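Residue numbers (the working numbering), protein chains in the order written: chain A, 1 to 114; chain B, 1 to 111. Notes follow once the structure below has been shown.
Rendered as structure tokens:
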């Protein structure tokens with residue numbers, strides 16, 4: 001999607017290894033989010049950021065950490081990957097708070113933990 | 001806790017039919033509601049965003065309505081085409097930066 005890029009697009013990793021997913025935006029939006037999408041659960045928020053170095057937990061944050069050292073980059077780290085973290089991970093951005101904002105999504109990262 | 005439900009989970013219709021997808025939410029204190037489309041193996045594409053003060057939004061063959069008091073939104077698709085086949089998701093936010101998503105309706109339009 002224009003303005004927001006996720007890398008890698010696909011990754012297979014072994015249980016117990018650390019993994020970092022990257023979300024990069026060129027829109028200079030303040031808010032960035034990480035979601036995971038699983039069958040039967042829909043999209044669930046992992047962590048979000050409301051500015052550089054400002055982050056907070058979502059509903060499924062256990063086992064994940066995030067960092068945002070620059071406006072354009074939001075990193076999601078799985079400290080020690082487990083099979084339950086096999087999922088499709090989506091990054092989203094939004095421009096402002098208030099009732100006029102909406103999300104723009106990246107294309108997703110498909111992560112398999114074996 | 002806000003919960004979003006979409007019924008039906010799946011729907012098949014012949015080409016050319018007008019159809020309605022439903023979204024309901026438990027907490028009416030929302031800032032806005034957004035409808036998305038997701039093609040298999042792809043990301044989400046925003047279709048329409050309805051602010052809490054609005055009743056509906058239109059884009060081409062799509063019309064989304066919002067009834068906050070009853071906790072419902074509908075997405076109306078006119079003259080459906082095979083290219084409309086996708087999963088449609090609705091999401092609401094209560095102003096805490098975070099959207100809560102439904103699990104989607106998987107639509108198949110038969111040629």
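Glycine residues also receive a C-beta, built at the ideal position from the N, C-alpha and C atoms. All figures in this text were calculated on a predicted structure; none of them were measured in a lab.
Item, Value
"Should the stretch 40-60 of chain A be called in touch with the stretch 97-108 of chain B, which here means at least 3 C-beta pairs below 8 Å?", "yes"
"If you draw a straight line from the C-alpha of residue 39 of chain B to the C-alpha of residue 2 of chain B, how long is it?", "26 Å"
"Taking 8 Å as the CB-CB limit, is residue 151 of chain A close to chain B?", "Outside the shown range of chain A (1 to 114) lies residue 151 of chain A, about which nothing can therefore be said."
"Go ahead and label residue 114 of chain A buried or exposed: buried means 16 or more other beta carbons lie within 10 angstroms of its beta carbon, across all protein chains shown.", "exposed"
"Exposed or buried, residue 5 of chain B, counting other C-beta atoms within 10 Å across all chains shown (16 or more means buried)?", "exposed"
"In this structure, does DSSP put residue 14 of chain B in helix, strand or coil?", "strand"
"Checking contacts by CB at 8 Å: is residue 1 of chain A closer than that to chain B?", "At residue 1 of chain A, the pLDDT of 49 sits below 50, so the modelled position is not reliable; the number obtained from the coordinates is stated separately. Chain B, which has a Cβ nearer than 8 Å to the Cβ of residue 1 of chain A, makes this yes."
"I'd like the list of long-range same chain contacts for residue 31 of chain B, defined as Cβ closer than 7 Å, with 5 residues on each side in sequence excluded.", "52, 93, 94 and 95"
"Could you list which residues in chain A have their beta carbon closer than 7 Å to that of residue 34 of chain B, in chain order?", "102 and 103"
"With three or more C-beta pairs closer than 8 Å as the rule, is the stretch 64-75 of chain A touching the stretch 9-18 of chain A?", "no"
"Is residue 1 of chain A helix, strand or coil by DSSP?", "Since pLDDT at residue 1 of chain A reaches only 49, below the 50 mark, its modelled position is unreliable, and the value read off the structure follows with that caveat. It is coil, neither helix nor strand."
"What residues in its chain sit with their C-beta under 6 Å from that of residue 31 of chain A, if we drop five residues either side in the sequence?", "50 and 94"
"Let me see if you follow: with CB-CB separation under 8 Å, is residue 47 of chain B close to chain A or not?", "no"
"Which same chain residues, not among the five before or five after residue 71 of chain B, have their C-beta less than 6 Å away from its C-beta?", "24, 25 and 28"
"Out of curiosity, what's the CA-to-CA distance linking residue 108 of chain B and residue 47 of chain A?", "33 Å"
"Distance, Cα to Cα, residue 20 of chain A vs residue 78 of chain A?", "6 Å"
"With distances taken Cα to Cα, identify the nearest neighbour of residue 33 of chain A among A:5, A:90 and A:110.", "A:90"
"Does any residue of chain B have a CB that is nearer than 8 Å to the CB of residue 58 of chain A?", "yes"
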